[in-house]
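This report refers to the structure that appears directly beneath it.
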Amino acid sequence: MDTQTTVAASSSSAKTVGAIILVGAPGSGKGTQAKRIAEVLEIPHLSTGDLLRQNVSRGTELGRQAKQIMERGELVSDELVFGMVADRIKLPDCVSGCIFDGFPRTVGQAEWLDRHLNGRFVDDKQQPLAPIVIQLTVEYNSLWQRLTGRRSCPTCGRIYNIYLQPPRVAGVCDVDGAALETRRDDREEVIKERLKAYEMQTLPLVDYYRRRGRLLEVNGDLRPDGVTAEALKAIEHGHRL
Ligand code: AMP
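Residue numbers for the sequence shown follow our numbering, so the first one is 16 and each next one is one higher.
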């Protein structure tokens, strides 16, 4: 990580961060950036996609209900997602904040989250901290390349891209040598569905947060270090709003 990132880390780790929400199309780098920001700010990374996939692979009732919907690239019902998110943010590691990746995804989910978090995080003057929303904007062609080229390690979770960030040996994780996998929903016909769901259901969410003066845009086409530095700057700025 670069110097700017380290400076931001030392200045922000001691205080309550509150909720950070990353919004962006599938493939905009939300997962990668959320992990990096979570590490710097010492808050947990809460990815609804990862939580759902864990439920699917553990074969829970929730996973059983979500599996086919996810394989079609559609959105899982609010009822399932709200219960899962509410259980996760109750855990003690979320006491000073958390970073949401892939949630909320609709205006209805944003309204639910606003009600659910109401007054939960306060600053050092005991004033409620509103969520900070970062939108990662990425060109359509880059999104397509990022999604079709994405591979991940089933053991350590590290993400690669065969075009942009290939592993040293094709198909094998640099860290632990496991065979890399393609997510089932990263097949082309499913990618099209996911991008459509984003345009129809998630873009109105951007307007919801913009109207409330909470939206901060970050250019997601920069190199990963640059995106992280810009996002951390935007979070600092969001706290001063
Ligand atoms: P992601 O890893 O964020 O791209 O999510 C993968 C899939 O999980 C999505 O295509 C949806 O089927 C489901 N999913 C993740 N987050 C949500 C959410 N907030 N609401 C509904 N479905 C979700």
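Just so it is clear, CB atoms sit at the ideal spot from N, CA and C, and this is done for glycine as well. As the structure is a computational prediction, the values presented were derived from the model and not from experiment.
Nonlocal neighbours in the same chain, by C-beta distance under 6 angstroms from residue i, ignoring five residues either side
i	result
alanine 49	Leu37, His60, Ile114, Asp116
isoleucine 206	Leu162
valine 153	Ser43, Gly235, Asp236
valine 64	According to the sequence provided, residue 64 is glycine. The question's valine does not apply to it. So the qualifying residues of the chain are Gly117.
glycine 134	Pro143
isoleucine 156	The sequence as given places asparagine at residue 156; isoleucine does not occur at that position. Closer than 6 angstroms at Cβ, skipping near neighbours: no residue.
arginine 183	Asp189
Assumed close pair residue i, residue j - CB separation to whole angstroms, cut-off 8 angstroms
i	j	result
leucine 132	proline 119	Going by Cβ atoms, the distance from leucine 132 to proline 119 rounds to 11 angstroms, so no, they are not a contact pair.
glutamate 245	leucine 237	7 angstroms
proline 278	alanine 193	Residue 278 is absent from the model: the chain starts at 16 and stops at 256.
leucine 195	serine 167	7 angstroms
methionine 85	leucine 67	6 angstroms
isoleucine 35	glycine 112	7 angstroms
alanine 212	glutamate 54	In fact, because the Cβ distance is near 29 angstroms, the residues do not count as touching under 8 angstroms.
glutamate 208	arginine 87	6 angstroms
aspartate 201	cysteine 171	Not quite, the Cβ-Cβ distance comes to about 18 angstroms (not below 8 angstroms), so this is no contact.
arginine 165	arginine 198	7 angstroms
isoleucine 104	alanine 249	About 22 angstroms; that fails the 8 angstroms criterion.
tyrosine 223	alanine 101	Incorrect: roughly 20 angstroms between the Cβ atoms, too far for contact.
threonine 121	threonine 217	7 angstroms
Cβ shell of residue i (< 7 angstroms), same chain only, five flanking positions each side left out
i	result
leucine 95	Leu77, Gln80, Ala81
lysine 45	Leu37, Gly39, Asp116, Gly117, Leu151
leucine 144	Thr31, Gly33, Phe136, Val137, Asp138
proline 181	Tyr175
serine 62	Gly46, Ala49, Asp116, Gly117
glycine 253	Ile147, Leu231
cysteine 109	Pro59
threonine 75	none
Segment limits, beta strand (DSSP E) that includes residue i
i	result
glutamate 226	The sequence shown places arginine at residue 226, not glutamate. Note, arginine 226: premise wrong, no beta strand (DSSP E); alpha helix (DSSP H) at 218-226.
serine 167	165-167
leucine 61	60-62
valine 148	147-152
valine 38	33-38
isoleucine 84	Segment 76-86 is the alpha helix (DSSP H) holding isoleucine 84; no beta strand (DSSP E) there.
isoleucine 174	174-176
Own chain, CB closer than 8 angstroms to residue i, minus 5 neighbours either side, in chain order
i	result
glycine 123	Asp93
glutamate 203	Thr163
glutamine 160	Asn176, Tyr178, Leu179
tryptophan 127	Asp93, Phe97, Pro119
asparagine 70	Leu77, Gly78, Ala81, Met99
Residue interval of the alpha helix (DSSP H) (run including residue i)
i	result
aspartate 116	That residue, aspartate 116, is in no alpha helix (DSSP H); its beta strand (DSSP E) goes 112-116.
leucine 230	Where leucine 230 is concerned, there is no enclosing alpha helix (DSSP H), although the beta strand (DSSP E) it sits in stretches over 230-234.
isoleucine 104	93-104
isoleucine 52	45-56
lysine 140	Counting along the chain, lysine 140 falls outside any alpha helix (DSSP H), and DSSP gives it neither H nor E.
alanine 246	239-255
glycine 123	122-132
leucine 179	No alpha helix (DSSP H) contains leucine 179, which DSSP labels as neither H nor E.
alanine 212	203-212
Cβ-heavy atom distance, residue i to the ligand FMN, below 7 angstroms
i	result
threonine 63	Judged by which ligands are present, the ligand FMN is missing from the structure shown, whose ligands are the ligand AMP.
Taking contact to mean at least 3 C-beta pairs separated by less than 8 angstroms, is the region 173-187 in contact with the region 224-234? Three or more beta-carbon pairs separated by less than 8 angstroms are not found between the region 173-187 and the region 224-234, which leaves the two stretches without contact.
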